[in-house]
Structure formats: C-alpha cells, structure tokens
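**Student:** For what it's worth, the numbering used here labels the leading residue of the sequence shown as 16, then goes sequentially.
The structure that follows is given in the form of structure tokens.
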Amino acid sequence: MLKNIFHCLISTNRFILKPLTMGDVSDRYIGWLNEPSTNQFISTKLSRTDLKKYVSERLNRNDVLFLGIFNKIDGLHIGNIKYEPVDSYQGYAVMGILIGEADWRGKGVATEVISASALWLNEYKKINQIVLGVSRLNIAAIRAYQKAGFIQSSSKHLSDISSKNMAMVLDIDDL
C-alpha cells in the first residue's frame, strides 16, 4: 500500500523534509516572502492570514506534497519544496522550491532536496517527471535546477510559460 503524502518524512544527509504544518507559518517564513532578493520572483505577497490560508488549503491533499526543509543539526526551518499537482495517473508533478534562509543559498540545498523528494515521489506516487516554470531572469535558480538535472524543455503541464518564463523538466529515471 502506498503511503499517504501527509505521512511523508524524507531524510537527506543534511535535512529532514516533512509536511508543512500551520505551526511552520512563522514570522521568519513570512520574512522570506517579503525579502527583496526572494520576492522579486514570487508573483504575490502574502500576509500571515493569507499564508496560513494557503498552507491550510494544501494540507492532507493527495495531489499536493508541501514539505518544509529543516536543518538536521538545529531543526531550523530553512525553506520549502512543493509539488502541486502530483498526478500519479499521468506520472508528473509540478515543483516549486524556496530556500528562504539566505545563509543556505548556494550550498547545494536544492540539488539535495530535489533529488530525495523526486525519488520519494517516484517510489510512492509513481511520478516519472517533474516540471517547473522559472523566470528567465532568475539565473541562480536556473543554475541550481540544471545542477539538479533539469533541462529546459516545453511541457504541456505548464500554462504560464511566456517570454519571461521558461519550462524546465526533470526525468526521474535520469537521477
């Protein structure tokens, strides 16, 4: 029997990935979203109420995997990775990731977290491909995605691709 997504717990060398909870919606998390270096690539700003509603709407859904990234050493919540939708029937998931803690950016967090969560999705949800949309101006994110194995490619699973954004695809079999 497959695990329900909300029972997911993934361990990597440096991090624990676990389902985001309402308790994880902190001032620190809201601060990440309002920080100029991160919010330039986020389409909307969220208040605490908005963010709680956003997280609440994704809890316990079988088509969403919304995980907090926690440092194993001190338990600090440093970011999130979200797959929505997770479509087991078609074998794909749409991903978004935010490394909120600036001290952890550029340290291979994305590669480590994407690899571990992608393998979990493959094993437990029969996902073979992960897709994402990214601003063409977000060079650091594009490089991180490439390092994790993504390639620029079109995807029928993304509707918001434009001259400003591009689609990237990761075939899990290539990990």
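Beta carbons: idealized from backbone N, C-alpha and C, even for Gly.
If you're wondering where the values come from, they're calculated on a predicted model, not measured in any experiment.
1. Taking Asp42 as part of the alpha helix (DSSP H), name the residues at either end of that continuous run.
2. What ranges does the alpha helix (DSSP H) occupy inside the stretch 73-147, keeping only unbroken runs of at least 4 residues that lie completely in it?
3. Using the Cβ count rule (16 or more neighbours within 10 Å means buried), how would you classify Tyr98?
4. Relative to the C-alpha of Ser169, which residue among Leu190, Gln161, Leu147 is closest?
5. In three-state DSSP terms, what is Lys171?
6. Residues in its own chain within less than 7 Å of Asn180 by CB, not counting five upstream and five downstream?
7. Where DSSP assigns a beta bridge to Lys67, which residues make up the other side?
8. Since Trp119 contacts Ile25 with CB under 8 Å, what's their CB separation in whole angstroms?
9. Flag this pair as yes or no: are the beta carbons of Lys162 and Leu80 separated by less than 9 Å?
**Tutor:** This is what the structure holds:
1. Looking at the DSSP string, the run of the alpha helix (DSSP H) that includes Asp42 is 42-49.
2. Complete alpha helix (DSSP H) runs here, min 4: 124-140.
3. Taking every protein chain shown into account, the CB of Tyr98 has 16 or more other CB atoms within 10 angstroms, so this residue is buried.
4. When each option's Cα is compared against that of Ser169, the closest is Leu147.
5. Residue state, collapsed to three classes: coil.
6. Once the five neighbours on either side are set aside, the close Cβ partners of Asn180 are Gly148, Val149, Ser150, Arg151.
7. DSSP lists no bridge partner for Lys67.
8. With 8 Å as the limit, Trp119 and Ile25 do not qualify as a contact, their Cβ atoms being about 17 Å apart.
9. Cβ atoms of Lys162 and Leu80: not closer than 9 Å.
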